[in-house]
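Colleague: Whatever position you read off the sequence shown (first residue = 1), add 1 for this note's numbering.
Where is the CB? At the ideal position from N, CA and C, for every residue including glycine.
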Amino acid sequence: MVNKKFVILFVVVLILVLSLPTALAEENSTLNSTSNITVNPNTQKIASLELKINSLESKIYTLQTDLQTLDNKISTIKNDVEIINSQQNQLSQEIKQDFGSVSTGLAGLQQNLDTTKNNLTEVADDLKGTKSFNTFLAFIIFLVIIGLGAGIYYIKKKGFFSNGLFNNKVHPHVANYITDHIKQGKKFDHIKQNLVQAGWDEKDIHHAYKHTLKQNYKSYKKTQGPDKKKVLIISIIGIAIIIIGMFSLSGSVGQAVKIQQNVNTETRVLTTDIICEDGLILNPTGDGCCQDVNQNNVCDEIDTYQANKVKEDKAVCADNNECSADKVCINSKCGYVKDIYKGSAVCSKKCSYYSVETITSDGETYFHKPGQGGYTAAGGLAWDLIDAPSHCIEENAQAVFEISKFGPSRSVDAEGNKKTKISLIGKEFVALEQGKNSKIITHPANSNIKFTLLADEIFENCG
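#1: Exposed or buried, V197, counting other C-beta atoms within 10 Å across all chains shown (16 or more means buried)?
#2: Taking 7 Å as the limit between beta carbons, can you name the residues of its chain near K223, skipping five residues before and five after?
#3: Would you call Q88 buried or exposed, if buried means 16 or more other Cβ atoms sit within 10 Å of its Cβ?
#4: Identify the continuous beta strand (DSSP E) that holds I423 and give its terminal residues.
#5: If you run the structure through DSSP and keep just helix, strand and coil, what is E51?
#6: Could you please give me the residues that DSSP links to N438 through a beta bridge?
#7: Let me check understanding here. Comparing Cα to Cα, which of G464, F368 and V175 lies closest to K350?
#8: Rounded to whole angstroms, how far is the Cβ of G380 from the Cβ of H444, which I believe are closer than 8 Å?
#9: From the DSSP output, which residues share a beta bridge with W384?
#10: If we call anything under 8 Å between Cβ atoms a contact, is Q307 one with D301?
#11: Determine the burial state of S405: buried for a count of at least 16 other Cβ atoms within 10 Å of its Cβ, exposed for fewer.
#12: Straight-line CA distance for K485 to G336?
#13: Consult DSSP for K350 and reduce its assignment to one of helix, strand or coil.
#14: In the structure shown, what three-state DSSP assignment does F161 receive?
#15: Determine the DSSP secondary structure at S36, reduced to helix, strand or coil.
#16: Which value, in whole angstroms, describes the spacing of the CA atoms of K339 and I206?
#17: Inspect the beta-carbon positions of F452 and I331 and report whether they are closer than 8 Å.
#18: Can you list, in chain order, the residues of its chain with a C-beta nearer than 6 Å to that of N309? Leave out the 5 residues immediately preceding and following it.
#19: What does L283 pair with, by DSSP beta-bridge criteria?
#20: If you measure between the beta carbons of D385 and E403, is that distance less than 8 Å?
#21: What residue range is occupied by the uninterrupted alpha helix (DSSP H) comprising V197?
#22: Exposed or buried, which one is Q399 when buried takes at least 16 other CB atoms within 10 Å?
#23: Tell me the DSSP secondary structure of V175 in three-state form.
#24: Quick check: K437 and A456, are their CB atoms within less than 8 Å of each other?
#25: Anyone know if the C-beta pair for P371 and D202 falls short of 8 Å?
#26: Among residues of its own chain, excluding the 5 on either side of V317, which ones have a beta-carbon nearer than 7 Å to its beta-carbon?
#27: Quick check on Y376: buried or exposed, where buried means 16 or more other Cβ atoms within 10 Å of its Cβ?
#28: Taking A1 and H174 to be in contact with their CB atoms under 8 Å, please state how far apart those CB atoms are, rounded to whole angstroms.
#29: Leaving out five residues on either side along the sequence, give the residues of the same chain with a beta carbon under 7 Å from the beta carbon of E396.
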């Protein structure tokens with residue numbers, strides 16, 4: 002079978018070879034007669050194949066380049082995934098540590114609550130024992146009234162009321178300043194020198210120091226031994242206070258200021274509420290109560306301060322009283338806190354801060370939430386972080402601080418006696434972007450005070 006195929010193939014090739022000269026002669030004759038040049042079809046196909054091969058080689062090279070680029074990207078993605086996994090592990094460890102700290106804090110809080118319950122139980126037992134004592138006290142009311150009258154006469158004769166023993170109140174900032182320095186081991190002379198530089202009179206310093214010592218002593222001691230020289234007066238006043246207190250407790254227990262703490266059983270969050278009674282109202286910072294004699298829902302000391310408010314805004318202000326109506330002085334310009342943001346053409350999210358890291362020119366660092374603050378210059382200048390309006394995420398956040406300035410004010414009563422008390426003498430606002438320093442804040446009564454605030458970091462929630 003194979004030999005036959007080979008013979009047939011050989012015959013075909015031989016015929017083609019023998020016919021090739023004749024075909025070439027005819028083709029040459031045709032070319033000479035027509036003078037036209039024709040291209041062999043095989044040559045065209047070969048050229049076309051070469052072009053296609055070149056195109057395929059180019060595409061193959063492009064594919065190889067794309068594959069190399071893809072390999073590089075895959076390698077980069079692998080590195081990113083490894084970094085993310087590492088960060089995730091680190092974050093998981095930090096969360097575990099924070100969770101452990103929170104658990105420890107909650108355990109301590111639970112222990113404090115148990116202690117508070119025990120204390121309340123003891124107080125309730127004491128009240129029950131006190132009620133049984135009311136019958137005995139009723140027999141000595143007449144004698145106490147006589148003694149109380151004699152005591153009041155003696156106090157008036159000595160001039161305790163006119164000298165301000167019960168009228169001069171020590172401002173909480175000053176009391177805290179004295180207490181802090183006493184705990185640091187500072188002597189009276191050192192404290193006195195600082196208060197004199199803050200604009201205090203020596204007489205007021207002595208009174209504030211003694212008053213603070215007495216208050217600190219009462220905080221740690223429930224009872225104190227009688228003074229032999231004033232045993233009669235102290236006994237009379239003490240018995241009167243006990244009688245009044247016991248009869249008041251027999252009906253109801255009331256306080257001008259109540260601090261109520263609650264723990265949410267689901268979130269384990271401790272909240273503190275301040276309740277003001279007996280004509281007192283909550284102060285602007287929400288951390289205490291103040292008097293409101295005229296019942297206009299404004300603290301009396303603020304009423305007194307705002308009595309000097311101007312009718313027209315000043316171009317450059319340094320105090321709220323230099324701005325008209327209900328405007329305030331914020332960054333040396335009269336306006337409103339709600340207008341510190343100008344708005345944005347695009348507002349994808351609204352943000353508001355919940356805490357600010359603040360650094361003072363005194364070198365102190367605070368992490369405060371709105372409603373908290375600090376003071377300097379022995380309480381002469383106080384600052385509080387306040388709530389600010391929400392803003393678009395496209396705008397820079399601004400932390401708003403309320404600056405309050407206190408100083409001694411003097412007056413003369415109807416009897417010609419001089420009185421000194423600490424009162425509000427200045428107020429302004431400062432709005433700071435993150436990383437920005439405030440201007441130098443001064444004090445109207447003490448040129449030595451030059452204070453600044455730095456909003457080092459602003460922590461926000463956006464949604």
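Modeller: Answer, in terms of the structure:
#1: exposed
#2: Its pLDDT being 48, under 50, K223 is placed unreliably in this model, and the value from its coordinates should be taken loosely. Correct list: empty, nothing qualifies.
#3: exposed
#4: K419 to E434
#5: helix
#6: L455
#7: G464
#8: Not a contact, Cβ separation roughly 11 Å.
#9: G375 and I404
#10: no
#11: buried
#12: There is no way to answer for residue 485, as the model of the chain reaches only from 2 to 464.
#13: coil
#14: The predicted position of F161 is uncertain, since its pLDDT is 47 and thus under 50; no value can be drawn from it.
#15: Its pLDDT being 45, under 50, S36 is placed unreliably in this model, and the coordinates cannot settle the point.
#16: 40 Å
#17: no
#18: N322
#19: C290
#20: yes
#21: F189 to Q198
#22: buried
#23: helix
#24: yes
#25: no
#26: S333
#27: buried
#28: Given a span of 2 to 464 for the chain in the structure shown, any question on residue 1 remains unanswerable.
#29: Y342 and S345
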